[in-house]
Structures are given as structure tokens and as C-alpha cells.
Amino acid sequence: MSTYWARRAWLPDGVAEHVRIEISHAVITAVSRDEKPSGTALSGTIVPGFANTHSHAFHRALRGRTHDDRGSFWTWRERMYAVAGRLQPDSYYRLARAVYAEMVLAGYTSVAEFHYLHHPARGRRYADPNEFSCALVAAAADAGIRLTLLDTCYVAGGFGKPTEGVQGRFDDGDAEAWAQRFESFRPAGELARVGVAVHSVRAVPAEQLPVVVRTASGRPLHVHLSEQLEENEECLAYYGRTPTELLHEADALTPDTVAVHATHLTGTDIAALTGSWASFCPSTEADLGDGIGPARGLADAGVRLCLGSDGQSVVDPWFEARALELHERLASGQRGRFDAAEIMAAAAAHGASGWPGLGSIAVGQGADLVHVNPDSVRTAGADGPGILFAATAADVTDVMVAGRWRVRDGVHTGVPEVARELNTEIGALWQ
Ligand SMILES: [Zn+2]
147 MSTYWARRAW
157 LPDGVAEHVR
167 IEISHAVITA
177 VSRDEKPSGT
187 ALSGTIVPGF
197 ANTHSHAFHR
207 ALRGRTHDDR
217 GSFWTWRERM
227 YAVAGRLQPD
237 SYYRLARAVY
247 AEMVLAGYTS
257 VAEFHYLHHP
267 ARGRRYADPN
277 EFSCALVAAA
287 ADAGIRLTLL
297 DTCYVAGGFG
307 KPTEGVQGRF
317 DDGDAEAWAQ
327 RFESFRPAGE
337 LARVGVAVHS
347 VRAVPAEQLP
357 VVVRTASGRP
367 LHVHLSEQLE
377 ENEECLAYYG
387 RTPTELLHEA
397 DALTPDTVAV
407 HATHLTGTDI
417 AALTGSWASF
427 CPSTEADLGD
437 GIGPARGLAD
447 AGVRLCLGSD
457 GQSVVDPWFE
467 ARALELHERL
477 ASGQRGRFDA
487 AEIMAAAAAH
497 GASGWPGLGS
507 IAVGQGADLV
517 HVNPDSVRTA
527 GADGPGILFA
537 ATAADVTDVM
547 VAGRWRVRDG
557 VHTGVPEVAR
567 ELNTEIGALW
577 Q
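When we follow the working numbering, the leftmost residue of the sequence shown carries the number 147, and every step to the right adds one.
Next comes the structure, spelled out in C-alpha cells:
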């Protein structure tokens, strides 16, 4: 058993002072407040580990490289395909290890990897057809982050269109072949789990959706949903239904479903999502000019909110958490659309990635803790839960995942030179 004493800790009922936390076998076994120092003292504020519920690790190679000539959506997309065309399992392992280490440094303790880069080329397979999946599992294990590998079905290049070009690397042929490959993969290690994803209603024809739903069988099922208005318009023209209606008819909207983005929705769509999750990715939605989704409306309809770094233009859970509220303020012209507890619940919603029993500092919860410096130039003077509106990834000093410190004094214990590795791997991809 390990004992920690924190000057402040974000507990389920608010920020408390002088908190003692006991941990045994990667689980929190006791929490008490107003205690005298004992065990290992932590001079700052402890918050629950953050959940990154939507990630494409390789998009990290696009950061700062899609803004020339102002950078349209198409600049971004063309370069994303360029990177997807070059990655191999070994280079993706090295890139993803550095990206996941960057996430842990920022305070993320789980990541849901929406993984669609499966094959060497159209119609070809690696000796192990899940070689990329294995590379991502190894990368996450080395970075010490909990991983939910969401094996993504991507078998069409648009409504009624085959995949083309680089998309051939994503394409298993059809959903049945995708399911067969997925069923043959089970990751090793305590920190890895699997789920499934429908890339979008553009990439999986309606008649093949039931195969993915059946294959999920109680595991997380994630889907990009109505990120851009164009998807809605094309879906209505092709099927006479919105993307949400199409998923609803396929019984794809369950308590295990995570609708990613959920930006452009009708009132009927919002009602259909009740009981599911919505993963907002505010930094990416801003970067791509997607728009601002109806976060408050979804929450009021009983949709659980969670957050993701998606395109990795920013890897900072504090930024995403604040932006959930700040984007609502911009869209509504009102402050206080979410209270601090609601924002933290979304930021630490590991359940969306199939990790229930994580996300708060309470007895019985997994021991994922983030120690933040309350005395930096950014956080100095912030009061109690106000740290959520002041801190950045740069203020995280220590991170514990499953009872083990993976970051100490701002340094990742397994990947000590994250920036150098990112530079090397991203530089090689663009050469
Ligand atoms: Zn995405």
C-alpha cells in the first residue's frame, strides 16, 4: 500500500484541503480530508487522470504544417492522406509512442485510438493483418497510457462510392471481412482494451452497419457523426435521412456508443442520442472550422459528454475542458453553461472508452492521478476549482496511471526525450 498526502485534491464533492489518499494494487482504497502530512507529500493540487476519448495518433504529424496559404480544410485533408500513405508499422510505433507520451505528460491517462490505417496497400495484407494494431498497443504500453484500440470499419469512399487512393490502406473490402480481422485480434497487457468504430456513415454503407453493431457486442462503438454540414446534406440526398437517423435505424445508438463531434444535429437527432455519449473535440473542431456543437442541449437530453484531442493540433486536456464551456459561451452569449463538476466529469469520462471505475478520486476507483503546480505563472492565484480555468498541460508535474508514476517532475519516466522523438519521427515522415 502507498500513502499520499496532497495539499489539495479534486474530490467528487469539490476541492478539499490536506487530503490523504491510500492506494493498493492500482486502486484507491481510502480518501480522507483535513489530515496531517503522512506518506509521500504532494505540494500541489491532485485531480483525476483525464480521458482522451478521441485520438488519431498519426495526425500529430500535421501540427503546424497545414496553415500555409491560410490552410483550407482541403490543405489539411490532402496532407493527412500524405502521412497516412507513408506510415509503416515500425514508424507508426515510434511516432505513436512519442504522441502517447506527450498525452501522459499533459495529464491524459487513457486514450481511445480511432484506428483506421490497417493495410500496406489496397488488397494487400501484412503477415499479421493486425500489425498496425499491435504497433499501437506496444506504443501505448511503452508510454504507460491506458489504450482502447477502436478498430475502425472504413469500406467506402463516400455515399455510394468505393474507396480510392490512400483509402485503400483503410479498406478491408466489406464489414464482414473487417469483423473477421478484428475478431482475430486481442491485445496483451493490463492497460489495453479493444472496441470498434464506424468511421462515419460516409465510409460504411447502411446495409453493412448491422455487422459492426453485432461485432461490438457490449464493447465501445465510436462513430464520427455530423462533423461537417456537407455530410448531412449528402446523407439526406442519398438516404433521405440524417446520419443520426441512419445509425438509430441500424440500432447503433446504445449506451456504449460514442458519437464523435455531433456538431450539426436536429432536435430529433439529439433525442435519438439520449443514453449514448458525445465526444466533443473543441481544439480540432476549431482548427478545421467545423462549427460548435450543441453540448448543453445534448447534456440536457441525457447524452453523456466526453472530450478528445482528435487531430492533435493541441494535446492539452485543460484546453479541451475549458473550450467545452467557452465554445458554449460564444455560441449562446451566456456564461456558466456548465459548472466545474460537469466540465471535470466530461474531461475524466473514461467510461466512454470502456474504462468504468476511473475518473474520480474516491474509494474503489482506479489510481489515475494528475499533480498540477498551483504556483506557476498561469495557475498562481486561481482558487479551488478555478484551477480548471487556469492550468495548462505545462503545469502538470506528475502523472500516475494504474498506481504507477509515469511522469515525475515534468519528465516522462519511460520516454525521457519526447520532443526529440517527435521531431525525429515527424521530420522523417515529411522528408
Ligand atoms: Zn476523428
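We put the CB at the ideal spot given by N, CA and C, even for glycine.
Host alpha helix (DSSP H) of residue i (start-end)
| i | result |
| --- | --- |
| residue 224 | 219-232 |
| residue 572 | 564-576 |
| residue 465 | 463-478 |
| residue 486 | 486-493 |
| residue 283 | 277-289 |
| residue 241 | 235-252 |
Counterpart residues of residue i in DSSP-defined beta bridges
| i | result |
| --- | --- |
| residue 167 | 150, 177 |
| residue 260 | 296 |
| residue 459 | None; residue 459 has no bridge partner. |
| residue 512 | 173 |
| residue 403 | 367 |
| residue 372 | Note: residue 372 sits in no beta bridge, so no partner. |
| residue 160 | 157 |
| residue 498 | Residue 498 is not bridged to any residue. |
| residue 518 | 191, 542 |
| residue 557 | 554 |
| residue 197 | 256 |
Contact test: residue i Cβ vs ligand 1 heavy atom, cutoff 6 Å
| i | result |
| --- | --- |
| residue 297 | no |
| residue 214 | no |
| residue 436 | no |
| residue 402 | no |
| residue 433 | no |
| residue 529 | no |
| residue 446 | no |
| residue 317 | no |
| residue 541 | no |
| residue 288 | no |
| residue 236 | no |
| residue 456 | yes |
Neighbourhood of residue i by C-beta distance below 6 Å, restricted to the same chain and skipping five residues each side
| i | result |
| --- | --- |
| residue 517 | 188, 190, 192, 543, 544 |
| residue 484 | 471 |
| residue 157 | 507 |
Residue i: first and last residue of the uninterrupted beta strand (DSSP E) it sits in
| i | result |
| --- | --- |
| residue 191 | 186-194 |
| residue 543 | 542-547 |
| residue 552 | 550-554 |
Cutoff 8 Å; reference residue i; Cβ partners in own chain excluding five residues on either side
| i | result |
| --- | --- |
| residue 281 | 235, 236, 238, 239, 242 |
| residue 267 | 314, 315 |
| residue 605 | Residue 605 lies beyond the range of the chain shown here (147 to 577); nothing can be said about it. |
| residue 501 | 197, 256, 292, 294, 339, 512 |
Contacting residues, own chain, Cβ-Cβ under 7 Å from residue i (five flanking each side not counted)
| i | result |
| --- | --- |
| residue 219 | 434, 435 |
| residue 345 | 262, 298, 299, 300, 370 |
| residue 522 | 541 |
| residue 289 | 243, 246, 247, 250, 560, 561 |
> At what residue ranges does the stretch 413-454 contain a whole run of the alpha helix (DSSP H), taking only runs of 4 or more?
Replying inline: 413-418, 428-433, 441-446
>> Give the list of continuous beta strand (DSSP E) stretches no shorter than 3 residues that lie fully inside the stretch 296-370.
In response: 338-344
> What are the start and end residues of each continuous alpha helix (DSSP H) run of 4 or more residues lying completely inside the stretch 375-400, in chain order?
Replying inline: Whole alpha helix (DSSP H) segments, 4+ residues: 375-385, 389-395.
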